[in-house]
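K.L.:
Take any residue in the sequence shown, count from 1 to its spot, add 55: that is its number in this note's numbering.
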Amino acid sequence: MINVASPQIGDDEFEAVKAVMQSGMLAQGKKVAELEEKFAEYCGAKHGIAVGNGTQALHLALLSMGIGKGDEVITTPFSFVASATSILFTGATPVFADIDPKTFNISPDSIAEKITPRTKAIMPVHIFGLSADMEKINKLGVQHGLKILEDSCQAHGAAMNGKTTGSMGDAASFSFYPTKNMTTGEGGIITTNDDEINDLAKKFRNHGMADRYVYEFLGYNFRMTDIAASIGVVQLAKLEEMTKARIANAAYLTEGLKAKGIVTPYVPDGYRHVFHQYTIRVQDRDNVIQKLRDNGVGSGVYYPKSLHKFDLLSDYGSKGLDNSDKAAEEVLSLPVHPGLTKEDLDTIINAF
Ligand SMILES: *Cc1c(COP(=O)(O)O)cnc(C)c1O
56 MINVASPQIG
66 DDEFEAVKAV
76 MQSGMLAQGK
86 KVAELEEKFA
96 EYCGAKHGIA
106 VGNGTQALHL
116 ALLSMGIGKG
126 DEVITTPFSF
136 VASATSILFT
146 GATPVFADID
156 PKTFNISPDS
166 IAEKITPRTK
176 AIMPVHIFGL
186 SADMEKINKL
196 GVQHGLKILE
206 DSCQAHGAAM
216 NGKTTGSMGD
226 AASFSFYPTK
236 NMTTGEGGII
246 TTNDDEINDL
256 AKKFRNHGMA
266 DRYVYEFLGY
276 NFRMTDIAAS
286 IGVVQLAKLE
296 EMTKARIANA
306 AYLTEGLKAK
316 GIVTPYVPDG
326 YRHVFHQYTI
336 RVQDRDNVIQ
346 KLRDNGVGSG
356 VYYPKSLHKF
366 DLLSDYGSKG
376 LDNSDKAAEE
386 VLSLPVHPGL
396 TKEDLDTIIN
406 AF
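1. Name the DSSP bridge partner or partners of P233?
2. Report yes if the C-beta of V136 is less than 6 angstroms from at least one heavy atom of ligand 1; otherwise report no.
3. State the beta-bridge partners of G221 as determined by DSSP.
4. For a test of the three-state rule: what should DSSP assign to D339, helix, strand or coil?
5. Mind checking who L294 pairs with in its DSSP beta bridge?
6. For T110, verify whether its CB is less than 6 angstroms away from any heavy atom of ligand 1.
7. Taking only runs that begin and end inside the stretch 145 to 231, name each unbroken beta strand (DSSP E) of 3 or more residues, in chain order.
8. Where does F365 land, buried or exposed, given buried means 16+ other C-beta within 10 angstroms?
9. Using 10 angstroms around the beta-carbon of T396, count the other beta-carbons present and answer buried if the total reaches 16, otherwise exposed.
10. Excluding the five sequence neighbours on either side, which residues of its own chain have a C-beta within less than 6 angstroms of the C-beta of N248, listed in chain order?
11. Taking the beta strand (DSSP E) that E92 belongs to, which residues open and close that run?
12. Give the DSSP-derived three-state secondary structure of Y371 in the structure shown.
13. Can you tell me where the alpha helix (DSSP H) holding L389 begins and where it ends?
14. Under three-state DSSP, which class holds T246?
15. Does the beta-carbon distance from K175 to I122 come in below 7 angstroms?
16. So what's N304 in DSSP terms, helix, strand or just coil?
17. So within the stretch 102 to 136, which uninterrupted beta strand (DSSP E) runs reach at least 3 residues, ignoring any that extend past its ends?
18. For F461, which residues from the same chain have a beta carbon less than 7 angstroms from its beta carbon, with the 5 sequence-adjacent residues on both sides left out?
19. Shortest alpha-carbon distance to G200 belongs to which of P132, G212, R278 and V128?
20. Roughly how many whole angstroms lie between the Cα atoms of L347 and D401?
21. Would the beta-carbon of C208 be found less than 6 angstroms away from any heavy atom of ligand 1?
22. Does DSSP put I286 in a helix, in a strand, or in coil?
23. For a cutoff of 7 angstroms on Cβ pairs, would you count G224 as touching chain C?
24. Counting Cβ pairs closer than 8 angstroms, one from the stretch 88 to 99 and one from the stretch 135 to 152, do we hit at least three?
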């Protein structure tokens, strides 16, 4: 079976973990600091704040922007649940805007329609590894005095007009879950150019502590371990190579599938799509999934329902989200990860 995701772990990761284990210093320390510095530099951002996972990275970034009770944050319903629940954890209300059917990303026009006097921030999600239209979204932010948080959990190394995700909003949040473009097992990081967001996020991560036993406010333990960070440092060094493999695999799939009349992923001019997922649209999806499986090809449905269709989130808007609802019925993600061989790619194409 050709799996839809496969973390790329080699001897270097084992050696890095072993060195940390032998050092006796297992929790947040030098390796976390090294990952923060190198990852921020990779994104072209000033600061990195490593945390336990991508959900914590979203939650802490929102808190550090001053988002809380009574505030509204506009985001997309075509995403993983954490994009919305991280807003709820702060006490704020998620407000869903519709997506662009070609890119699957949040539509700036729909965002503009959802802005109210209570709107405090916009959280675009760079879905599947393609940057949202950050130029238009940042313009809305400036016009209406809103903070912008990039949910970059699927978009390590993606870019728009030469700017890398993680450096385009007030802050960005990344995930290092094993299926993501690089991994630390579980892990996440916030990047920002804003000194105040950096300062607050570092305190929120560690019990609101400004100094030893000085608790400025109610904080969390959202720290990353040096064990996890040591994997991240090795993965980051391989990220460009892994990303280029994803992009090459995607190009090969697109060439093969276009010839068969499949609706392949759209990459607008000036964008670097890093293909966290390679997502096509199909009719009769269940049948396609079964036929692929019969041919040894795994696939995944991201996402089977818009977020507002779940009971947990049904209070936060359901009107005018038709593009998201339609996408949820048609999307199918095919394997595109760096571990695929040319034979694997041919098997996927031939299955169609
Ligand atoms: C993976 C993901 C998250 C959550 O990251 P975790 O590390 O699993 O907590 C949030 N948003 C999006 C878009 C994701 O893909």
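C-beta atoms are modelled at their ideal positions from N, C-alpha and C, and glycine is treated no differently.
P.N.:
So, from the data block:
1. P233 is not bridged to any residue.
2. no
3. G221 is not bridged to any residue.
4. coil
5. L294 is not bridged to any residue.
6. yes
7. If we require 3 residues or more, the beta strand (DSSP E) runs fully inside the stretch 145 to 231 come out as 148 to 151, 174 to 178, 202 to 206 and 226 to 230.
8. exposed
9. exposed
10. A100 and K101
11. No beta strand (DSSP E) contains E92, which is instead part of the alpha helix (DSSP H) from K85 to C98.
12. coil
13. Here L389 belongs to no alpha helix (DSSP H); instead the beta strand (DSSP E) covers V386 to L389.
14. strand
15. yes
16. helix
17. Within the stretch 102 to 136, the complete beta strand (DSSP E) segments at least 3 residues long are 102 to 106 and 127 to 130, listed from N- to C-terminus.
18. Residue coverage of the chain in this structure runs from 56 to 407, which leaves residue 461 outside it and unanswerable.
19. Nearest option by C-alpha distance: V128.
20. Going from the Cα of L347 to the Cα of D401 covers about 13 angstroms.
21. It does: the Cβ of C208 is within 6 angstroms (strictly closer) of some heavy atom of ligand 1.
22. helix
23. Absent from the structure is chain C; it holds one protein chain and no more.
24. no
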